[in-house]
Amino acid sequence: MPELWQPVRGYEGLYEVSDQGSVRSLERPITRRRKNGTSYVCVLKAKRRKLVLCKEGYLTVMLSKDSKVKLYAVHCLVAAAFIGDRPNKFDVNHKDLDKLNNCVSNLEYVTRSENLLHAAKAGKMHRPNNQIIRDSKGRIVRVVKRELA
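The opening residue of the sequence shown carries number -18 in the working numbering; numbering runs sequentially from there.
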């Protein structure tokens, strides 16, 4: 199945994101300045952007617009482009818990508590400040976020 591409929100005409989790820049004219002060127009070629793994384990990408560069999590770009606007105070959840699998079919919007519960049930909770509450049968009921002293 071919990749489907959508514009990156806020960067229309500059970048696109695919349903498989790739990001590419679009071919476009840019103005450059010579050392003598004169300017000229050249064409910036379209190409796939390099994705970088951040310390939390998510793939990120650097996007620039109006001489400002920002770092974005790829799964958030995919969700915004293909699922729609993120509801207030919701997270983007990886259904299979693989932070590198940014296919739109693997992403969903969930509340923070649902996201923590999903990770806890799969044994992926790494933060010692989260307390897991279990019922009498050992099933996880909820996750309580504790503040570190």
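For every residue, glycine included, the Cβ atom is placed at its ideal position computed from N, Cα and C. None of the values given here were measured: they were computed from a predicted structure.
Am I right that residue i and residue j are in contact with their C-beta atoms under 8 Å? What's the rounded C-beta distance?
i: L58; j: V4; result: 7 Å
i: V55; j: N74; result: Not a contact, Cβ separation roughly 14 Å.
i: V42; j: R30; result: 5 Å
i: R13; j: S20; result: 7 Å
i: L44; j: V(-11); result: 7 Å
Closest to residue i by C-alpha separation, out of the options, would be which residue?
i: M(-18); options: D47, S(-1), S117; result: S(-1)
i: L78; options: N69, A60, A101, A61; result: A101
i: K28; options: T41, D72, N69, L7; result: L7
i: Q1; options: I11, Q(-13), R13, L(-5); result: Q(-13)
i: A61; options: G38, K36, Y90, L44; result: Y90
i: G(-6); options: L25, E(-16), G18; result: L25
i: K132; options: R15, E(-3), E37; result: Only positions -18 to 130 of the chain appear in this structure, which leaves residue 132 out of reach.
i: L34; options: E(-3), K49, K16, Y53; result: Y53
i: N96; options: V85, K51, K76; result: K76
i: K49; options: G(-9), D116, L(-15), S117; result: G(-9)
i: E(-16); options: F63, P68, D116, Y39; result: F63
With H, G and I counted as helix, E and B as strand and the rest as coil, what does DSSP make of residue i?
i: E37; result: coil
i: N74; result: strand
i: V(-11); result: coil
i: A130; result: Reliability of the predicted coordinates at A130 is poor, the pLDDT of 45 falling under 50, and no value is obtained from them.
i: S117; result: coil
Bridge partners for residue i per DSSP, in chain order?
i: C57; result: Its beta-bridge partners do not exist; DSSP assigns none.
i: K46; result: K49
i: Y90; result: V73
i: K80; result: Looking at the DSSP assignment, K80 forms no beta bridge with any residue, so it has no partner.
Along the chain, where does the beta strand (DSSP E) containing residue i start, and where does it finish?
i: L98; result: Unbroken run through L98 is the alpha helix (DSSP H), 93 to 102; no beta strand (DSSP E).
i: S20; result: 20 to 25
i: E(-3); result: -4 to -1
i: I11; result: 9 to 14
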